[in-house]
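Mind the numbering: the sequence shown is residues 1 to 636 in the UniProt record's numbering, read in order.
Cβ atoms here follow ideal geometry from the backbone N, Cα and C, with glycine treated the same way.
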Amino acid sequence: MSDRSAFDRARRDPAAFWAEQARELAWHRAPERTLETLEDGTHRWFGDGELNTSYLALDHQIEQGRGDQTALIYDSPVTGTVQRFTFRELRGRVAELAGALRRLGVGRGDGVVIYLPMVPEAAIAMLACARLGAVHSVVFGGFAAHELAIRIDDARPKVILTASCGIEIDRVIDYTALVRGALDKATHRVEQVLVLQREQGPADLAALGFEDWRSVVDGSEPAAPVPVAAGDPLYIMYTSGTTGKPKGIVRDNGGHAVAQLYALREIYGMKPGEVWWGCSDVGWVVGHSFIVYAPLIGGCTTVLYEGKPVKTPDAGAYWRVVAEHGVNGLFAAPTAFRAIRKEDPDGALFRRHDVSSLKHLFVAGEKLDTPTYQWLSDLTGRPVYDHWWQTETGWPVTAPLTRHGEAEVRAGSTNRAVPGYEVVVLDPETGEALPADTEGAIALRLPLPPGCAQTLWNDHDRYLAAYLNTYPGYYHTGDGGYLDADGFVHIMGRTDDVINVSGHRLSTGVMEEHIATHPAVAESAVVGMHDEVCGEVPVGLVVLKDGVDTTPEQLEPALVALIREQVGAVARFRRALVVKRLPKTRSGKTLRAALRKMVNGEDFPLPSTIDDPAILDEIATTLREEGLVRQPGRPN
Numbered sequence: 001m002s003d004r005s006a007f008d009r010a011r012r013d014p015a016a017f018w019a020e021q022a023r024e025l026a027w028h029r030a031p032e033r034t035l036e037t038l039e040d041g042t043h044r045w046f047g048d049g050e051l052n053t054s055y056l057a058l059d060h061q062i063e064q065g066r067g068d069q070t071a072l073i074y075d076s077p078v079t080g081t082v083q084r085f086t087f088r089e090l091r092g093r094v095a096e097l098a099g100a101l102r103r104l105g106v107g108r109g110d111g112v113v114i115y116l117p118m119v120p121e122a123a124i125a126m127l128a129c130a131r132l133g134a135v136h137s138v139v140f141g142g143f144a145a146h147e148l149a150i151r152i153d154d155a156r157p158k159v160i161l162t163a164s165c166g167i168e169i170d171r172v173i174d175y176t177a178l179v180r181g182a183l184d185k186a187t188h189r190v191e192q193v194l195v196l197q198r199e200q201g202p203a204d205l206a207a208l209g210f211e212d213w214r215s216v217v218d219g220s221e222p223a224a225p226v227p228v229a230a231g232d233p234l235y236i237m238y239t240s241g242t243t244g245k246p247k248g249i250v251r252d253n254g255g256h257a258v259a260q261l262y263a264l265r266e267i268y269g270m271k272p273g274e275v276w277w278g279c280s281d282v283g284w285v286v287g288h289s290f291i292v293y294a295p296l297i298g299g300c301t302t303v304l305y306e307g308k309p310v311k312t313p314d315a316g317a318y319w320r321v322v323a324e325h326g327v328n329g330l331f332a333a334p335t336a337f338r339a340i341r342k343e344d345p346d347g348a349l350f351r352r353h354d355v356s357s358l359k360h361l362f363v364a365g366e367k368l369d370t371p372t373y374q375w376l377s378d379l380t381g382r383p384v385y386d387h388w389w390q391t392e393t394g395w396p397v398t399a400p401l402t403r404h405g406e407a408e409v410r411a412g413s414t415n416r417a418v419p420g421y422e423v424v425v426l427d428p429e430t431g432e433a434l435p436a437d438t439e440g441a442i443a444l445r446l447p448l449p450p451g452c453a454q455t456l457w458n459d460h461d462r463y464l465a466a467y468l469n470t471y472p473g474y475y476h477t478g479d480g481g482y483l484d485a486d487g488f489v490h491i492m493g494r495t496d497d498v499i500n501v502s503g504h505r506l507s508t509g510v511m512e513e514h515i516a517t518h519p520a521v522a523e524s525a526v527v528g529m530h531d532e533v534c535g536e537v538p539v540g541l542v543v544l545k546d547g548v549d550t551t552p553e554q555l556e557p558a559l560v561a562l563i564r565e566q567v568g569a570v571a572r573f574r575r576a577l578v579v580k581r582l583p584k585t586r587s588g589k590t591l592r593a594a595l596r597k598m599v600n601g602e603d604f605p606l607p608s609t610i611d612d613p614a615i616l617d618e619i620a621t622t623l624r625e626e627g628l629v630r631q632p633g634r635p636n
C-alpha cells in the first residue's frame with residue numbers, strides 16, 4: 001500500500017483503517033466497537049476491547065519464540081556498565097516488581113510516580129505498573145522539588161519509585177533529597193517510597209523514612225498481567241502549559257498500543273529482532289513511546305542509554321553505541337547532533353566506528369536546522385528524517401513512511417501527515433483554512449487517531465479549552481507554520497509561551513511566576529532566544545521595584561539560582577537583564593511576541609496598540625550592550 005493510499009483510506013474511513021491495525025495486537029478481548037464520537041467532541045477508540053500493555057511487550061513476545069532474544073540493552077558510560085536482558089529475564093524482573101507493588105496495595109487505577117535516572121529499573125517500573133493496570137507518571141530527574149511536588153499533588157500516587165542518585169557528566173545528583181523536599185511541599189501523603197541504592201551516591205534511608213528497593217522487591221511473588229479496558233489510563237505525562245499548573249496528558253492502553261506498533265513498523269521501518277535506539281529519557285514522551293513501549297511491543301531490542309552525546313567520554317559516544325550494539329534505527333533531538341558537530345565537526349570520531357548496521361536516523365523534538373541536517377547527512381551517508389509530533393499525540397503527526405524503502409526529504413519540512421492525521425493551516429483570527437504556502441495556526445482535523453490524548457488528568461474542561469474549543473472541529477496544536485503545495489508541513493514555532501530547550505518543552509510563564517517571588521522584582525518577561533546547541537534558551541527581562549537596594553550584577557545570579565531551584569537545571573536559565581520597563585499595549589498586555597523577535601534579531605512590525613514605542617529602542621540598546629543580539633531587528 002502506498003503512503004498516499006494509506007492516508008486516503010485512513011481519512012475516508014478511519015474506523016475501518018484502525019480496526020485493521022488493531023488486529024495486529026494480541027487482545028485479551030478483541031474490540032467490536034472501533035470508534036465512537038462523544039458529545040463533547042472527543043473520541044473513544046476500541047471502547048469494548050481489553051488488553052494488557054505489559055503482556056504485549058513481554059509475555060506475547062516470549063510466546064512468539066523471542067524469550068531468549070535480547071529485549072533491553074542498558075549502556076551507561078557514566079558508570080562504565082553494559083547489561084543485557086532477554087525478554088524472559090526482563091519479564092521476570094517486571095513481574096517481580098509488580099508483585100511487590102501489589103503487596104504494597106497498588107492495583108488497577110492506582111497511581112505510581114517514577115523519579116528515576118536512565119537505569120533498567122526505569123523501564124521495569126513502567127512495565128510493572130502497566131502489568132497491574134496501575135497508572136504511572138514518570139517525572140524527569142532534572143526537575144526540582146517544587147515541580148515534583150506539583151506532580152505528586154496532581155497524580156496522587158500511592159508509591160514513589162526513585163533512586164539514591166542520578167549521574168551527570170560532572171556531578172552526582174541526590175535524588176532522595178529532591179524527593180524528600182517534594183514530599184515536604186506536597187499536600188498529598190504518599191504511602192511508600194522505594195529507593196534504588198546506587199554506589200555512586202547511597203542514601204541514608206532510615207533518616208529519610210524511605211525503604212530499600214531491593215529489600216522490598218527481591219523475591220516477591222511474580223504478578224501476572226491484569227486485563228484492563230482499552231480506555232483505561234496507562235500513564236500520565238506532564239507537559240508545560242501556558243499556566244503555572246502542568247498539564248497531565250493521559251494516555252490510554254488500547255489506542256496507545258495500536259498506534260505504537262503502527263508507528264514502529266510503518267514510520268521507523270523496524271522489524272522484530274532488529275535493534276532500535278531512542279536517544280531520549282523516559283521522563284519525556286519519546287522515552288515512553290520509543291525507548292520502552294513501541295520497540296518491545298514490536299519485538300525489537302531497545303537500547304536504554306545513560307549518558308550524553310558528548311563528554312561521556314567524547315563526541316563519538318553515539319557512534320560507539322551504534323557500532324557495539326548493531327543499532328539499525330536511531331532517533332534523537334537535533335540538540336544532540338549539534339553538540340556532536342560542535343566538538344567533532346570533521347567527523348574524525350565518527351570514522352573510528354563501524355556504523356554499517358544503521359539504516360537511517362530520525363530527529364524530532366525541536367526544529368532541525370539546515371546546517372545540522374546537511375552535516376549529519378553528509379557524514380553518515382544515511383537518510384536523515386525530520387518529523388514532528390507532541391506529547392499530546394504520543395506518536396508522529398508528520399513523518400516519512402520508511403517501511404518500504406527510502407522516503408522523500410524536503411528541506412525545512414517535517415514531511416507529510418502520517419495516515420490517521422489530517423494537518424490543516426487555519427487563519428488564527430477567523431479559523432478558516434488557508435491556501436498553500438500561507439503561514440497560520442497548525443491544526444489537526446478531528447477525529448484524532450488512536451494513541452492521542454483525549455483528556456487531561458482530573459481536568460477535562462481544561463483539555464477542551466486548550467485543544468478543541470479554539471477551532472471547532474479541529475485539535476489546536478499551539479504550533480504555527482504552513483503547508484506547501486504538495487502537502488509537506490513546515491513548522492515555524494510555538495504560538496504560545498512554551499519554548500523548546502534541548503527538546504524539553506518549558507513554560508516561560510512559569511519562570512516569570514518564580515521570578516516574581518524575588519523581593520526586588522516588580523515584573524518580568526521571559527522569552528526564548530535561539531541557541532546554536534540547545535535550540536532555544538530562556539532570557540529574562542526584569543523590571544525592578546522602586547527603591548530596591550540591589551544591582552544587576554547581584555540580581556542576575558540570584559534569579560538564575562532561583563529558577564534552578566524551582567524549575568531545575570534543565571531550564572538552562574542563564575541571563576536576567578534589568579530594563580527600565582516592558583513594552584505593553586494600551587490595555588496593559590506585555591508584547592512578548594515583539595520581545596521574542598527582538599531578542600532573536602528578527603524584524604518585527606510595530607504593533608499599532610503599543611503604548612510607548614520608545615521602550616523597544618531602550619530594550620534593543622540593552623540587548624546590544626549585553627552582546628545578546630548580533631543584528632537586532634528594527635520596527636518597520
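**Message:** If I follow the unbroken alpha helix (DSSP H) through threonine 70, where does it start and stop?
**Reply:** The count along the sequence shown starts at 1 and reaches residue 70 at position 70. In the DSSP assignment, threonine 70 falls outside any alpha helix (DSSP H) and lies within the beta strand (DSSP E) extending over 70-76.
**Message:** Tell me the rounded alpha-carbon separation between glycine 201 and valine 543.
**Reply:** By 1-based counting over the sequence shown, the position of residue 201 is 201. By 1-based counting over the sequence shown, the position of residue 543 is 543. A straight-line Cα-Cα distance of about 41 Å links glycine 201 and valine 543.
**Asked** DSSP three-state call for alanine 130: helix, strand or coil?
**Response** In the sequence shown, counting from the first residue as 1, residue 130 sits at position 130. In the three-state reduction of the DSSP assignment, alanine 130 falls in the helix class.
**Message:** With the cut-off set at 8 Å, would you say valine 303 and valine 292 are in Cβ contact?
**Reply:** The sequence position of residue 303 within the sequence shown is 303, counting from 1. The sequence position of residue 292 within the sequence shown is 292, counting from 1. The Cβ atoms of valine 303 and valine 292 do not sit closer than 8 Å to each other.
**Message:** In whole angstroms, give me the CA-to-CA distance for proline 225 and valine 423.
**Reply:** Here residue 225 is taken as the residue at index 225 of the sequence shown, counted from 1. Here residue 423 is taken as the residue at index 423 of the sequence shown, counted from 1. Their Cα atoms are separated by approximately 37 Å.
**Prompt:** Is DSSP giving serine 507 helix, strand or coil here?
**Reply:** One-based indexing of the sequence shown puts residue 507 at position 507. Strand, per DSSP.
**Item:** Coil, strand or helix - histidine 28 by DSSP
**Value:** As a first step, residue 28 is located in the sequence shown; it is residue number 28 there, counting from the start. The answer is coil: DSSP assigns histidine 28 none of H, G, I, E or B.
**Assigned secondary structure, glutamate 36 (DSSP; H/G/I helix, E/B strand, else coil)** = In the sequence shown, the residue the question calls residue 36 occupies position 36. Glutamate 36 falls in the strand class under three-state DSSP.
**Rounded C-alpha distance that separates proline 552 from leucine 628** = Looking up residue 552 in the sequence shown gives position 552. Looking up residue 628 in the sequence shown gives position 628. Whole-angstrom Cα-Cα distance: 16 Å.
**Item:** Closest Cα partner of histidine 188 within the set Ala149, Thr34, Asp212
**Value:** Numbered from 1 along the sequence shown, position 188 holds the residue referred to as residue 188. Among Ala149, Thr34, Asp212, the Cα nearest to that of histidine 188 is on Ala149.
**Request:** Could you tell me the distance, in whole angstroms, from the CA atom of valine 578 to the CA atom of glycine 92?
**Result:** Walking along the sequence shown from the start, residue 578 turns up at place 578. Walking along the sequence shown from the start, residue 92 turns up at place 92. Spanning the two alpha carbons is a distance of roughly 57 Å.
**Request:** Would you mind sorting isoleucine 491 into buried or exposed? The rule is 16 or more other CB atoms within 10 Å of its CB.
**Result:** The residue given as residue 491 occupies position 491 in the sequence shown. Flag for isoleucine 491 reads buried.
**Request:** Check the C-beta distance from threonine 402 over to glycine 278 and give it rounded, since I have them as a contact under 8 Å.
**Result:** For the purposes of this step, residue 402 is taken as the residue at position 402 of the sequence shown. For the purposes of this step, residue 278 is taken as the residue at position 278 of the sequence shown. At roughly 15 Å, the Cβ-Cβ gap does not stay under 8 Å, so threonine 402 and glycine 278 are not in contact.
**Prompt:** If you pair each beta-carbon of the stretch 93-110 with each one of the stretch 204-219, do three or more pairs fall below 8 Å?
**Reply:** With the rule of 3 Cβ pairs closer than 8 Å, the stretch 93-110 counts as touching the stretch 204-219.
**Item:** Alpha-carbon to alpha-carbon, proline 295 and isoleucine 62
**Value:** Indexing the sequence shown from 1 puts residue 62 at position 62. Indexing the sequence shown from 1 puts residue 295 at position 295. C-alpha separation (whole angstroms): 14 Å.
**Request:** Closer than 7 Å by C-beta to histidine 146: which residues in its own chain qualify, once you throw out the five before and the five after it? Chain order, please.
**Result:** Taking the sequence shown and counting its residues from 1, the one referred to as residue 146 is at position 146. Cβ within range, chain order: Lys185, Gln566.
**Item:** Which listed residue (Val228, Asp8, Glu408, Glu221) has its alpha carbon closest to that of histidine 28
**Value:** Numbered from its first residue, the sequence shown carries residue 28 at position 28. Closest in alpha carbon position to histidine 28, among Val228, Asp8, Glu408, Glu221, is Val228.
**Complete runs of the alpha helix (DSSP H) confined to the stretch 287-346 [at least 4 residues]** = The DSSP assignment places 294-297, 317-325, 334-343 as complete runs of the alpha helix (DSSP H) inside the stretch 287-346, in order along the chain (cut-off: 4 residues).
**Request:** Would you check if the distance between the CB atom of valine 599 and the CB atom of methionine 511 is smaller than 8 Å?
**Result:** Your numbering for residue 599 matches position 599 in the sequence shown. Your numbering for residue 511 matches position 511 in the sequence shown. In this structure, the beta-carbon distance from valine 599 to methionine 511 does not fall below 8 Å.
**Message:** Can you check which of these residues, Leu444, Val527, Asp437, Glu429, is closest to threonine 398 by C-alpha distance?
**Reply:** Position 398 of the sequence shown holds residue 398. Considering only alpha carbons, the answer is Leu444.
**Prompt:** To which residues does DSSP link proline 371 through a beta bridge?
**Reply:** In the sequence shown, the residue the question calls residue 371 occupies position 371. None, per the DSSP bridge assignment.
**Request:** Just the C-alpha distance for serine 587 and valine 533, rounded to the nearest angstrom, thanks.
**Result:** Counting from one through the sequence shown, the residue named residue 587 turns up at place 587. Counting from one through the sequence shown, the residue named residue 533 turns up at place 533. Residue placement at serine 587 is flagged as unreliable, the pLDDT there being 49, under the threshold of 50; the coordinate-derived value follows with that caveat. Spanning the two alpha carbons is a distance of roughly 37 Å.
**Asked** Would you report the Cα separation of isoleucine 173 and serine 164, rounded to the nearest angstrom?
**Response** Your numbering for residue 173 matches position 173 in the sequence shown. Your numbering for residue 164 matches position 164 in the sequence shown. Cα to Cα, isoleucine 173 sits roughly 9 Å from serine 164.
**Message:** Which same chain residues end up closer than 6 Å to glutamate 211 when comparing Cβ atoms and leaving out the 5 residues on each side of it in sequence?
**Reply:** Position 211 of the sequence shown, counting from 1, holds the residue named residue 211. Excluding sequence neighbours, glutamate 211 sits near Leu194.
**Message:** Going by DSSP, what residue range makes up the alpha helix (DSSP H) through isoleucine 442?
**Reply:** By 1-based counting over the sequence shown, the position of residue 442 is 442. Isoleucine 442 -> not in any alpha helix (DSSP H); beta strand (DSSP E) instead, spanning 440-445.
**Message:** Which residue marks the beginning of the beta strand (DSSP E) containing isoleucine 499, and which one marks its end?
**Reply:** Position 499 of the sequence shown, counted from the start, is the residue given in the question as residue 499. Unbroken beta strand (DSSP E) run through isoleucine 499: 498-501.
**Request:** Give the single residue among Gly601, Tyr175, Ala155 whose Cα lies nearest to the Cα of glycine 109.
**Result:** Here residue 109 is taken as the residue at index 109 of the sequence shown, counted from 1. Sorting Gly601, Tyr175, Ala155 by C-alpha distance to the C-alpha of glycine 109 places Ala155 at the top.
**Item:** Burial state of serine 5, where buried means 16 or more other Cβ atoms lie within 10 Å
**Value:** Here residue 5 refers to the residue found at position 5 when the sequence shown is read from its first residue. By the 10 Å Cβ count, serine 5 comes out exposed.
**Request:** Could you tell me if the beta carbon of glycine 405 falls within a distance shorter than 7 Å of some heavy atom in the ligand SAH?
**Result:** The ligand SAH is absent from the structure shown, which contains no ligands of any kind.
**Request:** Would you mind stating whether threonine 372 and arginine 320 have Cβ atoms separated by less than 8 Å?
**Result:** Residue numbering aside, residue 372 sits at position 372 when the sequence shown is read from its first letter. Residue numbering aside, residue 320 sits at position 320 when the sequence shown is read from its first letter. No, Cβ-Cβ distance for threonine 372 and arginine 320 is not below 8 Å.
**Request:** Can you say whether arginine 416 is buried or exposed, counting buried as having 16 or more other CB atoms within 10 angstroms of its CB?
**Result:** As a position in the sequence shown, residue 416 is number 416, starting the count at 1. Arginine 416 is buried by the Cβ-count criterion.
**Prompt:** If you drop the 5 nearest sequence neighbours on each side, which residues of the same chain put their C-beta closer than 8 Å to that of alanine 95?
**Reply:** As a first step, residue 95 is located in the sequence shown; it is residue number 95 there, counting from the start. Its chain contains Ala128, Arg131, Pro222, Ala223, Ala224 as the residues whose beta carbon lies nearer than 8 Å to that of alanine 95, once the 5 sequence neighbours on both sides are disregarded; these appear in chain order.
**Request:** Buried or exposed for alanine 182, please, with buried defined as at least 16 other CB atoms from any protein chain shown within 10 angstroms of its CB.
**Result:** Residue numbering aside, residue 182 sits at position 182 when the sequence shown is read from its first letter. Label assigned to alanine 182: buried.
**phenylalanine 249 - DSSP class collapsed to helix/strand/coil** = Counted from its first residue, the sequence shown places residue 249 at position 249. Here residue 249 is isoleucine; the residue named in the question, phenylalanine, does not match the sequence. Reduced to three states, the DSSP call for isoleucine 249 is strand.
**Request:** Quick one: grab the DSSP three-state call for tyrosine 475.
**Result:** Stepping through the sequence shown from its first residue, residue 475 is reached at position 475. Tyrosine 475: strand per DSSP, three-state reduction.
**Request:** Look up threonine 590 in the DSSP assignment and give the residues it is bridged to.
**Result:** Position 590 of the sequence shown, counted from the start, is the residue given in the question as residue 590. Residue pairing of threonine 590 in beta bridges, as defined by DSSP: Lys584.
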